[in-house]
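Counted from 1, the sequence shown has number 272 at position 272 by the UniProt record's numbering; the numbering is strictly sequential.
Quick reminder that beta carbons are idealized off the backbone N, C-alpha and C, glycines included.
Since the model is a prediction, treat every value here as computed from it, not as a measurement.
Here's the structure, in structure tokens; my notes come after.
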Amino acid sequence: MKPQREHVTVPDGASWTLLWRELPNLPFEWHYHPEFELTLTVNAAGQRYVGDHLGDFADGDLVLVGPNLPHTWSAPHALDETRPVLAVVVWFSREWVEKLVTGLPELAPIRRLAGQAARALRFSDVVAAQVRPQLLQLEALDAARRLPVLLAVLLALAGDAAAEPLSAGAVTPDTQGGQDRLARVLDLMHQRFAESLTVDELAARAALSVGAFHRFFKRQTGKTVTAYLAQLRVGHACQWLIQSDKPVGMVAEAAGYRNLAHFNRQFLAAKGMTPRQFRQRYRAP
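Structural data, given as structure tokens:
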């Protein structure tokens, strides 16, 4: 599952890029780019992957991803299927930030915000709700009127003391060989997470001994194989709990757990609540 480099273009007459993306679902598209990315996700709930982070997201999710940090959002369908999923995406460069602050020192908080985004930031529900109307009006504005709205949004985000770092850093191996090796392993894990994968199989995929593979995987992802696989399984279980009416036992089995009690323990440890409590929380009116 090697991340693909995405090429971001800036339209004529603008210094940054807005993408207004309406879709029936959010496909898994693991990618990176040298620009910062601010994404507001509307009418969807699913899984968020950023660097070594894997977690669930709900309507109104607002995240700022730093340069070259692999990321994607994934959701099988819209929460309200009469309307599309909407992703409001803003891209801007590090040079854009530096030029802003050089010319307008009052905007220094935006530089600090950019520095914190190296690990990606998920903004608090309160601040995300505050700036949501501004982000949703961007498409209707011309380029000149969009800029002050974006600056107001970024300044508000810079003041969010409850913003949460998501990733320990980019999952980017330091050699081409390491990148290819990790890509082969992650591809297998994401395709077969619900099966009984063994460390021997994963080590063979990486062409490493079991001991060397454990060290390699921990160094590149910041997690043990067991912890990463558990996080992956629980993440998919969260998505099914939110978006389907499957009984908890069926969700556990689909996520790769043959023992319901073991699933309940791992889910509680990861999310701080039982699967049933999680479903009730996200379906509360």
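Given residue i as reference, the closest of the options once Cα atoms are compared
{"i": "residue 121", "options": "159, 10, 82 and 184", "result": "159"}
{"i": "residue 8", "options": "32, 23 and 25", "result": "32"}
{"i": "residue 55", "options": "281, 277, 275 and 271", "result": "271"}
{"i": "residue 214", "options": "66, 188, 225 and 204", "result": "225"}
{"i": "residue 14", "options": "184, 129, 91 and 188", "result": "91"}
{"i": "residue 4", "options": "28, 19, 11 and 16", "result": "28"}
{"i": "residue 53", "options": "136, 277, 221 and 262", "result": "221"}
{"i": "residue 207", "options": "230, 187 and 181", "result": "181"}
{"i": "residue 242", "options": "275, 201 and 253", "result": "275"}
Where residue i falls, given that 16 or more other Cβ within 10 Å makes a residue buried
{"i": "residue 259", "result": "exposed"}
{"i": "residue 174", "result": "Since pLDDT at residue 174 reaches only 48, below the 50 mark, its modelled position is unreliable, and no value is offered."}
{"i": "residue 39", "result": "buried"}
{"i": "residue 287", "result": "The requested residue 287 does not occur in the structure, where the chain is confined to residues 1 to 285."}
{"i": "residue 245", "result": "exposed"}
{"i": "residue 150", "result": "buried"}
{"i": "residue 21", "result": "exposed"}
{"i": "residue 123", "result": "buried"}
{"i": "residue 93", "result": "buried"}
{"i": "residue 71", "result": "buried"}
{"i": "residue 62", "result": "buried"}
{"i": "residue 279", "result": "buried"}
{"i": "residue 343", "result": "The chain is shown only over 1 to 285; residue 343 falls outside these bounds and no answer can be derived."}
{"i": "residue 266", "result": "buried"}
{"i": "residue 171", "result": "Confidence in residue 171 is poor, its pLDDT being 47 and thus under 50, which makes the residue's placement too unreliable to answer from."}
{"i": "residue 233", "result": "buried"}
{"i": "residue 95", "result": "exposed"}
Backbone secondary structure at residue i - three-state DSSP
{"i": "residue 176", "result": "Bear in mind that the predicted position of residue 176 carries a pLDDT of just 49, short of 50, making it unreliable; the figure below should be weighed with that in mind. Three-state result, residue 176: helix."}
{"i": "residue 145", "result": "helix"}
{"i": "residue 56", "result": "strand"}
{"i": "residue 257", "result": "coil"}
{"i": "residue 233", "result": "helix"}
{"i": "residue 192", "result": "coil"}
{"i": "residue 10", "result": "coil"}
{"i": "residue 104", "result": "coil"}
{"i": "residue 273", "result": "coil"}
{"i": "residue 201", "result": "helix"}
{"i": "residue 81", "result": "coil"}
{"i": "residue 150", "result": "helix"}
{"i": "residue 138", "result": "helix"}
{"i": "residue 158", "result": "helix"}
{"i": "residue 208", "result": "coil"}
C-beta atoms of residue i and residue j nearer than 8 Å
{"i": "residue 48", "j": "residue 73", "result": "yes"}
{"i": "residue 237", "j": "residue 212", "result": "no"}
{"i": "residue 147", "j": "residue 113", "result": "no"}
{"i": "residue 50", "j": "residue 65", "result": "yes"}
{"i": "residue 67", "j": "residue 34", "result": "yes"}
{"i": "residue 167", "j": "residue 268", "result": "no"}
{"i": "residue 60", "j": "residue 111", "result": "no"}
{"i": "residue 105", "j": "residue 23", "result": "no"}
{"i": "residue 79", "j": "residue 45", "result": "yes"}
{"i": "residue 36", "j": "residue 117", "result": "yes"}
Those residues which DSSP pairs with residue i across a bridge
{"i": "residue 121", "result": "64 and 165"}
{"i": "residue 88", "result": "20 and 40"}
{"i": "residue 4", "result": "31"}
{"i": "residue 26", "result": "75"}
{"i": "residue 50", "result": "53 and 71"}
beta-carbon residue i near the ligand FMN non-hydrogen atom, thresh 7 Å
{"i": "residue 42", "result": "The ligand FMN is absent from the structure shown, which contains no ligand whatsoever."}
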